[in-house]
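The structure appears right after this line, and notes come after that.
Residue numbers (my numbering): 8 to 85.
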């Protein structure tokens with residue numbers, strides 16, 4: 008059986024992708040959260056940044072919502 012379709016344990020999710028893809032996934036997460044909250048895309052990066060600061064939302068492995076989103080997103084690419 009190939010290991011190509013195995014998602015790593017959540018504590019090592021960041022190790023599963025390169026740095027550029029990690030930043031892209033974080034950006035997708037932030038935009039998805041904004042869309043869920045506002046039912047639209049942000050008008051510009053400043054609107055997204057201001058909302059993120061107000062919401063105090065972080066795309067890191069300590070955030071269980073981000074971990075769940077990331078596992079789902081990575082499994083879509085398999």
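Beta carbons are placed, not taken as given, at the ideal position from N, Cα and C, and that holds for glycine.
Check: Sub-8 Å separation of residue 42 and residue 48 beta-carbons; Outcome: yes
Check: Segment limits, alpha helix (DSSP H) that includes residue 36; Outcome: 26-45
Check: Residue 66 and residue 27 closer than 8 Å at C-beta; Outcome: no
Check: Span separating the alpha-carbon of residue 80 from that of residue 36; Outcome: 9 Å
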